[in-house]
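Everything in the sequence shown is counted per full-length UniProt numbering, starting at 1 for the first residue and increasing by one.
Quick reminder that beta carbons are idealized off the backbone N, C-alpha and C, glycines included.
Here the structure is laid out as structure tokens; the discussion comes afterwards.
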Amino acid sequence: MCHVFAGQDPERYSSETRRLRLNGHSTSIRLENAFWDILDEIAARDGVSTPTFISTLHAEVLELRGEPSNFTSLLRCACLKFMEISTDRAPLAVAAE
Numbered sequence: 001m002c003h004v005f006a007g008q009d010p011e012r013y014s015s016e017t018r019r020l021r022l023n024g025h026s027t028s029i030r031l032e033n034a035f036w037d038i039l040d041e042i043a044a045r046d047g048v049s050t051p052t053f054i055s056t057l058h059a060e061v062l063e064l065r066g067e068p069s070n071f072t073s074l075l076r077c078a079c080l081k082f083m084e085i086s087t088d089r090a091p092l093a094v095a096a097e
């Protein structure tokens with residue numbers, strides 16, 4: 001079983017930092033590439049750019065719950081939630097081929 005997880009392409013868990021604006025403030029967010037891929041997909045499905053999606057999500061979280069203590073963790077959990085609710089999504093290939 002661990003081969004499925006251990007054998008994945010290291011590029012998936014390599015991190016990337018992207019710069020964007022949240023509430024008019026320039027900031028940077030560092031996430032693993034696998035999470036950026038999912039965020040890019042969510043944004044594309046919504047017909048917006050990834051920075052626009054993230055900024056909108058941040059604004060909605062502020063309105064509902066106030067400033068999140070760890071926004072990058074919220075983004076990762078949003079990706080997991082997206083995976084949970086995407087019934088028409090093809091299974092991800094995680095094992096090395």
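Run through DSSP, which three-state label would residue i get?
{"i": "Ser26", "result": "strand"}
{"i": "Glu67", "result": "coil"}
{"i": "Ser15", "result": "strand"}
Pull up the distance between the alpha-carbon of residue i and that of residue j, whole angstroms please.
{"i": "Trp36", "j": "Ser28", "result": "13 Å"}
{"i": "Leu74", "j": "Gln8", "result": "24 Å"}
{"i": "Arg30", "j": "Ser15", "result": "6 Å"}
{"i": "Glu97", "j": "Val4", "result": "A caution first: Glu97 carries a pLDDT of 41, below 50, which makes its placement in the model too unreliable to give a value."}
{"i": "Glu60", "j": "Glu32", "result": "23 Å"}
{"i": "Cys2", "j": "Pro10", "result": "15 Å"}
{"i": "His25", "j": "Val48", "result": "19 Å"}
{"i": "Asp46", "j": "Glu84", "result": "17 Å"}
{"i": "Ser86", "j": "Gly66", "result": "27 Å"}
{"i": "Val94", "j": "Arg76", "result": "With a pLDDT of 47 at Val94, under the threshold of 50, the modelled position of this residue cannot be trusted; read the value that follows with caution. Val94 and Arg76: Cα-Cα distance of roughly 17 Å."}
{"i": "Ala6", "j": "Thr17", "result": "24 Å"}
Round the Cβ separation of residue i and residue j to the nearest angstrom and send it over; I've been treating them as touching at under 8 Å.
{"i": "Phe53", "j": "Leu64", "result": "About 16 Å separates the two Cβ atoms, so there is no contact after all."}
{"i": "Thr42", "j": "Phe71", "result": "Residue identity differs from the one stated: residue 42 is Ile in this sequence, not Thr. Not really, about 15 Å apart at Cβ, beyond 8 Å."}
Quick one, are the C-beta atoms of residue i and residue j less than 8 Å apart?
{"i": "Leu20", "j": "Pro68", "result": "no"}
{"i": "Ser55", "j": "Leu80", "result": "no"}
{"i": "Ala78", "j": "Leu62", "result": "no"}
{"i": "Arg12", "j": "Ala44", "result": "no"}
Query raised in the report: Taking the runs of the alpha helix (DSSP H) that are 4 residues or longer, which of them lie wholly in the segment 24-60?
Result: 33-46
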